[in-house]
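Student: These protein sequence lines are chains C and V, in that order.
Once you know that position 17 of the first sequence is 0 in our numbering, the rest is easy, because the numbers rise by one and skip nothing.
Once you know that position 105 of the second sequence is 88 in our numbering, the rest is easy, because the numbers rise by one and skip nothing.
One structure, pasted below without further comment.
Protein chains: 2
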Amino acid sequence: MPRPSSHVDEKLLAAARELLPTTGCHKLSLRQVASHAGVNLGMFHYHFGNKEAFLETLISRTYDEILARLEHTSQPDASPLENLRTALNALGRWARDHRELLMRLAADAMAGEQVVVNGFVKNQPRIIGTMVPRMMAAQAAGQLPAIAVPQLIGFIAGSITMPFVVGTVMSKFDLVPAPLLEGLENAVFSDEAISQRIDMALAGLQSALPPAAITNQKPT
Amino acid sequence: MPRPSSHVDEKLLAAARELLPTTGCHKLSLRQVASHAGVNLGMFHYHFGNKEAFLETLISRTYDEILARLEHTSQPDASPLENLRTALNALGRWARDHRELLMRLAADAMAGEQVVVNGFVKNQPRIIGTMVPRMMAAQAAGQLPAIAVPQLIGFIAGSITMPFVVGTVMSKFDLVPAPLLEGLENAVFSDEAISQRIDMALAGLQSALPPAAITNQKPT
DNA sequence: GGGGGAATTATACAAGTGTATAATTATACG
DNA sequence: CGTATAATTATACACTTGTATAATTCCCCC
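Shown next, in the form of structure tokens:
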């Protein structure tokens, strides 16, 4: 090892990690990253081979980093529904805290960026996968209706996270008068607002008890 | 008018309109559009000046087109909540029918595409604007809680539309086994599934009656 | 029927991208 | 002390993008 590494690969990943929440994957230019890291462009080919491989490890690292901040609560003595409720609250606050990054990744995924989709599919078990058993437990306990899991996940995820999108877009593009902005923050991003949405979502689901006709099965 | 127009501008708009749901605005290349229209690239500069202006009229036209398919129901004799419910059902089915296009536009907007955001802001009154009065009427009638409007809109919009995103992404990227795919369609995209989500969302909101503490006002 | 001029084409340009490679640097080791 | 060699730089290439302009086509109208 005639010349010790100055860990340029790590510098590149760190620079890209900084840029990611504001640019997203698709608009992330390698020259921009290299310049932001104070390093030469050629290092991408040397250390990672191509952009796709670079993005792959970048996304993998990023998921590891933010998922480490997602606390996994478990209260064996609580009912399945209450277990789900606290888990959803932790997940909702976590999503709020990383909303810029997550929104960029979501935009990239919706735009068809294959690397981002793969990254989500690979890490989704650590996010959604922890919720599904709790949902199914609540269903088994008769605390949630026996509706199809995608319908269940979509309903809950949407009711919790869509206000984040609305609030973020509204404030980023100045679609709300300045004096109301702080009120918007409180009404959408606060712990209480998140908790309220989760309570409303779960109560809404319970309104569909007893089991509705919409299941995962094709109608006969 | 020495040489009559062969309406190349309309051909370009039509070609772009066809490509839009599969490519989105950002990935829409002018050469691709021109080639798809069987027309020369230079016509963009001649007829529209630049890409932004072209996208502007394209998006404006597109909104006009799909919004014409959005039926505006009004039943003066029904309660505010029932009025909102039927309006939401019409809106939900409309969103489902145009989900590819709307998801691309949403991805573009979330990615920061200014033209798309402007287009949404300009046309949002014809979509959300028709819902807000009904929501506020239901609030005034005590049928919905007095929570902040962004929270209300986000909650309802998310619970209705997020399952579309989940279902679309899952099927587009083959994340669900083929035999379950038809069941997914029924469970998420059917009229009944939409209606069920709306019922659950409204019931969930009603669970927050009497008025909760989360309002648009900054806490004192 | 041949100018005139708008509509359309062909083509070039500058800027940006990812990729690749030769040249240079800098250090551990003989 | 000098050399082998991994790490880094400088630079060029091929491609795509939007933009611009000169050249050509084609039809109305005098």
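All residues carry an ideal CB built from backbone N, CA and C; glycine is no exception.
I need the straight-line Cα distance from Arg68(C) to Asn23(V), nearest angstrom please.
Tutor: C-alpha separation (whole angstroms): 58 Å.
Student: How about Gly112(C): is its Cβ closer than 7 Å to a heavy atom in the ligand NAP?
Tutor: This structure does not include the ligand NAP; it has no bound ligands of any sort.
Student: What did DSSP end up calling His81(V) once you bin it into helix, strand or coil?
Tutor: coil
Student: Is there a C-beta anywhere in chain V that falls below 8 Å from the one on Gln134(C)?
Tutor: yes
Student: Taking Cβ to Cβ, would you say Arg82(V) is nearer than 8 Å to Thr151(V)?
Tutor: yes
Student: Tell me the residue span of the alpha helix (DSSP H) that contains Leu164(V).
Tutor: Residues 161 to 167.
Student: Can the beta-carbon of Gln134(C) be found closer than 8 Å to that of Ala176(V)?
Tutor: yes
Student: Please identify, using Cβ separations under 8 Å, the residues of the region -6 to 26 of chain V that lie next to chain C, in order along the chain.
Tutor: If the cut-off is 8 Å between Cβ atoms, the region -6 to 26 of chain V has Gly7, His9, Lys10 near chain C.
Student: Can you look up Ile110(C) in the DSSP assignment and give me helix, strand or coil?
Tutor: coil
Student: If we count Cβ pairs, one from each stretch, closer than 8 Å, do we get three or more for the region 135 to 142 of chain V versus the region 139 to 159 of chain C?
Tutor: yes
Student: Counting Cβ pairs closer than 8 Å, one from the region -8 to 7 of chain C and one from the region 33 to 49 of chain C, do we hit at least three?
Tutor: yes
Student: Quick check: is the beta carbon of Pro146(C) nearer than 8 Å to any beta carbon in chain V?
Tutor: yes
Student: Can you name, in chain order, every residue of its own chain whose Cβ lies under 7 Å from the Cβ of Arg52(C), other than the five neighbours on each side?
Tutor: Trp77
Student: If you compare alpha carbons, which of Asn169(C), Asp157(C), Arg180(C) is closest to Leu74(C)?
Tutor: Checking every option, the nearest Cα to that of Leu74(C) belongs to Arg180(C).
Student: Compute the Euclidean distance between the alpha carbons of Leu64(V) and Ile136(V), then round it to the nearest angstrom.
Tutor: If you take the alpha carbons of Leu64(V) and Ile136(V), they lie about 14 Å apart.
Student: Determine, using beta-carbon pairs with one atom in the region 110 to 119 of chain C and one in the region 88 to 98 of chain V, whether at least three such pairs fall under 8 Å.
Tutor: no
Student: Locate the alpha helix (DSSP H) running through Val(-9)(V), then write down its first and last residues.
Tutor: -9 to 6
Student: Suppose only complete runs of 4+ residues qualify. What are the alpha helix (DSSP H) ranges in the region 119 to 192 of chain C, listed by chain order?
Tutor: Within the region 119 to 192 of chain C, the complete alpha helix (DSSP H) runs of at least 4 residues are 132 to 155, 161 to 167, 174 to 189.
Student: DSSP on Val104(V), reduced to helix/strand/coil?
Tutor: helix
Student: Within the same chain, show all residues whose beta-carbon is closer than 7 Å to that of Arg87(V), passing over the 5 residues directly before and after it, in chain order.
Tutor: Leu3, Pro4, Gly7
Student: Using a Cβ-Cβ cutoff of less than 8 Å, which residues in the same chain neighbour Met153(V) once the five nearest sequence positions on both sides are dropped?
Tutor: Val159, Leu167
Student: Do the CB positions of Gly187(C) and Gly187(V) come within less than 8 Å of each other?
Tutor: Taking the C-beta atoms as reference points, Gly187(V) is found nearer than 8 Å to Gly187(C).
Student: Counting only the same chain and skipping the five closest in sequence on each side, list residues whose C-beta sits under 8 Å from that of Gln189(C).
Tutor: Gln126, Leu127, Pro128
Student: Using beta carbons (cut-off 8 Å, strictly below), is Ala140(V) in contact with chain C?
Tutor: At least one chain C Cβ lies under 8 Å of Ala140(V).
Student: Look up Ala58(C) in the DSSP assignment and say whether it is helix, strand or coil.
Tutor: Residue identity check: residue 58(C) is Gln in the sequence provided, not Ala. Coil.
Student: Would you mind working out which of Asp80(C), Ser178(C), Gly21(C), Ala61(C) sits nearest His(-10)(C), comparing C-alpha positions?
Tutor: Gly21(C)
Student: Quick one: is Met153(V) near chain C, going by C-beta distance under 8 Å?
Tutor: yes
Student: Any Cβ of chain C within less than 8 Å of the Cβ of Gly112(V)?
Tutor: For Gly112(V), the nearest beta carbon of chain C is not closer than 8 Å to its own beta carbon.
Student: For Val22(C), does the three-state DSSP call read helix, strand or coil?
Tutor: coil
Student: So what does DSSP say about His28(C), is it helix, strand or coil?
Tutor: helix
Student: Whole angstroms is fine: what's the gap from Thr45(C)'s alpha carbon to Gln97(C)'s?
Tutor: The straight-line gap separating the alpha-carbon atoms of Thr45(C) and Gln97(C) is approximately 16 Å.
Student: Would you identify the three-state DSSP class for Leu64(V), choosing helix, strand or coil?
Tutor: helix
Student: Out of Asp60(C), Ala61(C), Leu163(C), Phe103(C), state which residue places its alpha-carbon closest to the alpha-carbon of Val132(V).
Tutor: Of the candidates Asp60(C), Ala61(C), Leu163(C), Phe103(C), the one whose C-alpha sits nearest the C-alpha of Val132(V) is Leu163(C).
Student: Does Gln126(V) get closer than 8 Å to chain C when you measure Cβ to Cβ?
Tutor: no
Student: Hey, Phe147(V) and Val171(V) are a contact pair by Cβ (cut 8 Å); roughly how many whole angstroms apart?
Tutor: 7 Å
Student: Could you name the residues of chain C that Met118(V) contacts, counting a contact when the two beta carbons are closer than 7 Å?
Tutor: Chain-order list of chain C residues neighbouring Met118(V): empty, with the shortest C-beta distance near 14 Å, by a criterion of under 7 Å.
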